[in-house]
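Last residue of the sequence shown: 989 in my numbering, with the numbers rising by one and none dropped. Heads up, the beta-carbon is just placed ideally off N, CA and C, and yes, glycines get one too. See structure below.
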Amino acid sequence: MCQKVYALSICCILLLGLVSSHSYAPDLDLFQSENTTAQQVWVDSVFNNLTFEERLGQLFMVAAYSNKGKDHQEEISQLIQRENLGGLIFFQGGPVRQAHLTNEYQKLAKTPLFIAMDAEWGLGMRLDSVLRFPKQMTLGAAKDEVLVYHMGREIARQFQEMGMHINFAPVVDVNSDPDNPVIGYRSFGEEKQLVSRKSLAYMQGLQDHGVIANAKHFPGHGNTNSDSHYTTPVIMSSKEKIVDIDLYPYREMIDKGLMSVMVAHLHIPSLGSEDKLPTTLSPKVVTGLLREEMNFQGLIFTDALNMKGVSDLYKPGEVDLLALLAGNDILLYAEDVPKSKKLILEAVEQGKISKEEIDQRVRKVLNAKYWAGLHQPQQINPQKLVERLSNFGTKALIEQLYASSITVLNNQDEAIPVRHLDMGQMASLTLGGKGETFKSFLDKYAAFTHYTLRSNSNRDNYAAMEANLKDYNTVVVGVMGMTNNSRRNFGLNEEEIAFINRLQETHQVITVVFGNAYSAAKFREQKNLLLVYEENEFTESLAPQVIFGGRPGTGKLPISLDQGWVLGHGIQTATLDRLAYSTPEAQNMDSRELLKIDRLMEKAIADKATPGGTVLVAKNGSVVLEKSYGHYDYSERQAVTENTLYDLASLTKVMATTQAIMFLEGRGFIDLDEKLETYLPALAGSNKADIRIRDILTHEAGLLPYIPHFTQTLEGSEWKREYYSRSNQPPFTLPVADGVFAHHSLPDSLWKWTVESDLRYKGSKSRGYSYRYSDVGMYLLHRLIETMVNQPMNEFLEQQFYSPLGMNHFGFLPLQKFDPRQIAPTEDDRLFRKTLVHGYVHDPGAALYGGVAGHAGLFGTANDLAKLMQMMLQGGKYGAVEILDQETIDKFTSKQSFKSRRALGWDKPDPEKDKGPTGNLAPPSTFGHTGFTGTAAWADPENQLIYIFLSNRVHPDAGNNRLLRDNVRSDIQDIVYKSLKTQILLAEK
1 MCQKVYALSI CCILLLGLVS SHSYAPDLDL FQSENTTAQQ VWVDSVFNNL
51 TFEERLGQLF MVAAYSNKGK DHQEEISQLI QRENLGGLIF FQGGPVRQAH
101 LTNEYQKLAK TPLFIAMDAE WGLGMRLDSV LRFPKQMTLG AAKDEVLVYH
151 MGREIARQFQ EMGMHINFAP VVDVNSDPDN PVIGYRSFGE EKQLVSRKSL
201 AYMQGLQDHG VIANAKHFPG HGNTNSDSHY TTPVIMSSKE KIVDIDLYPY
251 REMIDKGLMS VMVAHLHIPS LGSEDKLPTT LSPKVVTGLL REEMNFQGLI
301 FTDALNMKGV SDLYKPGEVD LLALLAGNDI LLYAEDVPKS KKLILEAVEQ
351 GKISKEEIDQ RVRKVLNAKY WAGLHQPQQI NPQKLVERLS NFGTKALIEQ
401 LYASSITVLN NQDEAIPVRH LDMGQMASLT LGGKGETFKS FLDKYAAFTH
451 YTLRSNSNRD NYAAMEANLK DYNTVVVGVM GMTNNSRRNF GLNEEEIAFI
501 NRLQETHQVI TVVFGNAYSA AKFREQKNLL LVYEENEFTE SLAPQVIFGG
551 RPGTGKLPIS LDQGWVLGHG IQTATLDRLA YSTPEAQNMD SRELLKIDRL
601 MEKAIADKAT PGGTVLVAKN GSVVLEKSYG HYDYSERQAV TENTLYDLAS
651 LTKVMATTQA IMFLEGRGFI DLDEKLETYL PALAGSNKAD IRIRDILTHE
701 AGLLPYIPHF TQTLEGSEWK REYYSRSNQP PFTLPVADGV FAHHSLPDSL
751 WKWTVESDLR YKGSKSRGYS YRYSDVGMYL LHRLIETMVN QPMNEFLEQQ
801 FYSPLGMNHF GFLPLQKFDP RQIAPTEDDR LFRKTLVHGY VHDPGAALYG
851 GVAGHAGLFG TANDLAKLMQ MMLQGGKYGA VEILDQETID KFTSKQSFKS
901 RRALGWDKPD PEKDKGPTGN LAPPSTFGHT GFTGTAAWAD PENQLIYIFL
951 SNRVHPDAGN NRLLRDNVRS DIQDIVYKSL KTQILLAEK
């Protein structure tokens, strides 16, 4: 009895012409495979190998769980063996557990089992450890159907990984009643064409890739105010209205090859259903309307027969018989298969239904099984199954689906996107949830102070919060912890809504609703309102990107609301070309290749090349990788995070000094070919007077590579008393390390020593100096900049660059703005400062210069560095500001001379492989710089690529050269290039 029928016997193939040909032709067309002859042979072989009672089993699908115990497993196993079940519908559990059970159940089955799931938003709807796709109303807000098709394709892939064949999706109900308690957010929307377009895309994505789609809940569950799980909803609409609206998506889908339909438990008098014969049990609906009038030739499933919509009317077995008599092909969630079979056999004997009619349905089921691949062995590989189900591409697609749906409902202040980041103070307030991801992504764009209000807040709490917020110009409010129950006000209380409305009287408020579309009506008074439909890691990260112009707001309401927000309403907001945050796959990169960075970083840390670090990669204006590794030091007490500030060392040359020079040159305030004394008359008569700015920037000015100024302040290895003190008291008021204070006049001394320093010997016949990398020229340019702008360089850069760009974790003198716990330490300096350098610039000359120097002194995060580099790639534009122009950027980032690889201030790849500061795969257009502390920042205009590497390799010993010796930075950069791949799907960034 348990002989398998997965493959054809050799005899059947040889006797092909003699095989019975009683297949039901109209059905074979819909489930017709490429090899129709082989299909017919298989169907006939299986069919003829079954008794009539065994054939009846093919019309039953029972519920299975992978989170229940052995008793449940044994019950299902017995049903499979004794009743020759047609299939199983899996509900809650886990993917690996379900895979093992499916393998076991298929081994027990005489006839291969259909494996199905009610997975409207993917396997994650039922299984743990699997990513969830957006719900259908969220998808209804997206501007087109392309991504919905790809979602169907991806869910089909997941189904096949799990050995499943039928997805009870999409929901094609047109949600006409806003208070619908069971459909609502499960529908694509309230308009028939919208629902039809989205449903077709979902269906085709599934069926084009080998999974049977199922349109539900026929003839339409969208205009109900009760739930068929608990009662039988009554719909009093006319047949004309139902045909026009509710059946419209079904007609469109049937015309395009819909393979299965689920009939709902509804009472619709206009369609001929009766009090005791709801639509599932009504021959007039199932056979008369669906099969005959609409000419549907696919599989017809009942909705679950355990639902109160029918189970309150009839006992198990009785309801199954009535459903079969009504014309359904498969009885879903049958609760008593043996009793059902007994009653069906009696009905056959009584002439209520013929064997021939049942046999036709069985053949249809078998044809569908062949189409779904059940003629082949069914075996699921459980190894790395979770990883295969939710792979990198899955995450990229889900992100894009959510991003395309975000809807800007109100933008009265034109506050979205936020244009100017340096014009006021910003705070965030979350209600009903902590919103940690939401807050962290707000922080990526601007300086925020974050607040949270509990759901059960009282008047005193609201008053205290208003006091907390009084000094902020802009407040971004995230409404979280909402429910989908309109009858319980979506989990909101009126005090919360009134509080947000009051905030608008004194603040610019941007409100983000992390709830379903109908809940947005509660926020009609909000001047600036985003609707993101759901609350999860994706939407929490995407909403800030729309608020700040990293992404556009393109969603459209899939419903209409009562305050003038009609169907299709949505204010389209543009990007401001600020960085977005995405996945590698969304930018045509390979996450698997990028994983190799983990191994390199782990090895570097294990080899003590650095105690930790951060790597960032941005492509096409989207950060696709930002990951931190290791710890601040080798004690491993504090882990590195994305918010850890690193001493950038010589990146200061290009992120500060060169930026300022570009600013001045682009506006015509300086000429690169002028001599220094033109702008610094005090240099007249010195050996620095005739040096050209251009030559300093190309390191061809004849300056010494490095002047160890600090040695002039030491007597042997000890401090000279006239220069240092352990106490912060005049004249020792210049901090250079914890507990170390230098004489306040030392910056003047350093300037004097710099001006008096020798030049390199260039030879009697040479017209100019050879290339020699030098810090010294940056002291000179620093002074030139401050002279030209008439303010300290750090203040100028903060005003003109860092603050407008939203670089809030960036700048000189970090201890003035940041907690020391945010800053990675550098060297345990035994030679000069006699202490650990933490929060103070590592470079001794920059420290003695007051912490602000042209060659060193900047601290920052990878994210903020990427903003400046992205501005460079965008021709000097970023957000709402234009700081530089394309011509200036092109000039400064182009190779300048035959003597070196250098541009103006910027470094470049070396023409000789394995020699320069970049990876071998970086193209010649690349520009950037490295830093002594173990840092690097590179931008590639050709590939629109940014690579940032931050570390504190000098901790605890600056002599540690393993990072450079092992080519860690450049090897990681090559991995980044190897991750670039051929374009795949997708939408905008």
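Please report the residue range of the alpha helix (DSSP H) in which residue i lies.
i, result
"residue 149", "146-161"
"residue 662", "658-666"
"residue 400", "392-405"
"residue 544", "537-547"
"residue 867", "862-873"
"residue 678", "676-679"
"residue 782", "776-789"
Can you look up residue i in the DSSP assignment and give me helix, strand or coil?
i, result
"residue 182", "coil"
"residue 324", "helix"
"residue 907", "strand"
"residue 692", "strand"
"residue 849", "coil"
"residue 300", "strand"
"residue 735", "strand"
"residue 429", "strand"
"residue 511", "strand"
Go to residue i, then tell me how far its beta strand (DSSP E) extends in each direction, as first and last residue.
i, result
"residue 741", "740-743"
"residue 457", "Counting along the chain, residue 457 falls outside any beta strand (DSSP E), and DSSP gives it neither H nor E."
"residue 451", "448-453"
"residue 1006", "Outside the modelled stretch of the chain, which goes from 1 to 989, sits residue 1006, for which no answer is possible."
Work out the CA separation of residue j and residue i for me, nearest whole Å.
i, j, result
"residue 913", "residue 923", "11 Å"
"residue 586", "residue 850", "45 Å"
"residue 287", "residue 328", "8 Å"
"residue 22", "residue 332", "Note that residue 22 has pLDDT 31, beneath the 50 cutoff, so the model's placement of it is unreliable and no number is given."
"residue 626", "residue 949", "10 Å"
"residue 100", "residue 130", "17 Å"
"residue 348", "residue 80", "23 Å"
"residue 718", "residue 743", "16 Å"
"residue 471", "residue 451", "13 Å"
"residue 279", "residue 218", "8 Å"
"residue 90", "residue 798", "59 Å"
"residue 267", "residue 623", "53 Å"
"residue 343", "residue 305", "16 Å"
"residue 300", "residue 479", "42 Å"
"residue 886", "residue 782", "24 Å"
"residue 497", "residue 462", "11 Å"
"residue 974", "residue 872", "22 Å"
"residue 770", "residue 968", "29 Å"
"residue 747", "residue 753", "10 Å"
"residue 447", "residue 685", "47 Å"
"residue 594", "residue 420", "34 Å"
"residue 28", "residue 354", "Annotation note: pLDDT 44 at residue 28 (below 50); position unreliable, coordinate value reported separately. When rounded, the distance between both Cα atoms is 21 Å."
"residue 258", "residue 213", "7 Å"
"residue 903", "residue 695", "11 Å"
"residue 25", "residue 441", "Legend: pLDDT at residue 25 = 34, less than 50; position of this residue unreliable, value from coordinates given subsequently. In a straight line, the C-alpha of residue 25 is about 58 Å away from that of residue 441."
"residue 85", "residue 584", "44 Å"
"residue 971", "residue 759", "36 Å"
Hey, is residue i's beta-carbon within less than 8 Å of any beta-carbon in chain B?
i, result
"residue 75", "Here chain B cannot be found, since the structure has a single protein chain."
Round the Cβ separation of residue i and residue j to the nearest angstrom and send it over; I've been treating them as touching at under 8 Å.
i, j, result
"residue 617", "residue 906", "No, residue 617 and residue 906 are not in contact; Cβ-Cβ is about 19 Å, not under 8 Å."
"residue 700", "residue 899", "6 Å"
"residue 196", "residue 252", "5 Å"
"residue 571", "residue 408", "4 Å"
"residue 531", "residue 521", "10 Å between Cβ atoms; not a contact."
For the ligand ADP, I want to know if residue i counts as a neighbour, meaning its beta carbon is within less than 7 Å of at least one of the ligand's heavy atoms.
i, result
"residue 464", "The ligand content of the structure shown is nil, which means the ligand ADP is not present either."
Unbroken stretches of the alpha helix (DSSP H), 4 residues or longer, contained in the stretch 17-82: Here the runs fully enclosed are 25-30, 36-48 and 52-57.
Taking only runs that begin and end inside the stretch 303-371, name each unbroken alpha helix (DSSP H) of 4 or more residues, in chain order. Listed in chain order, they are 308-311, 318-326, 337-349 and 355-371.
In chain order, which continuous runs of the alpha helix (DSSP H) of length 4 or greater are located wholly inside the stretch 890-972? With a minimum length of 4 residues, the continuous alpha helix (DSSP H) runs that stay inside the stretch 890-972 are 962-965.
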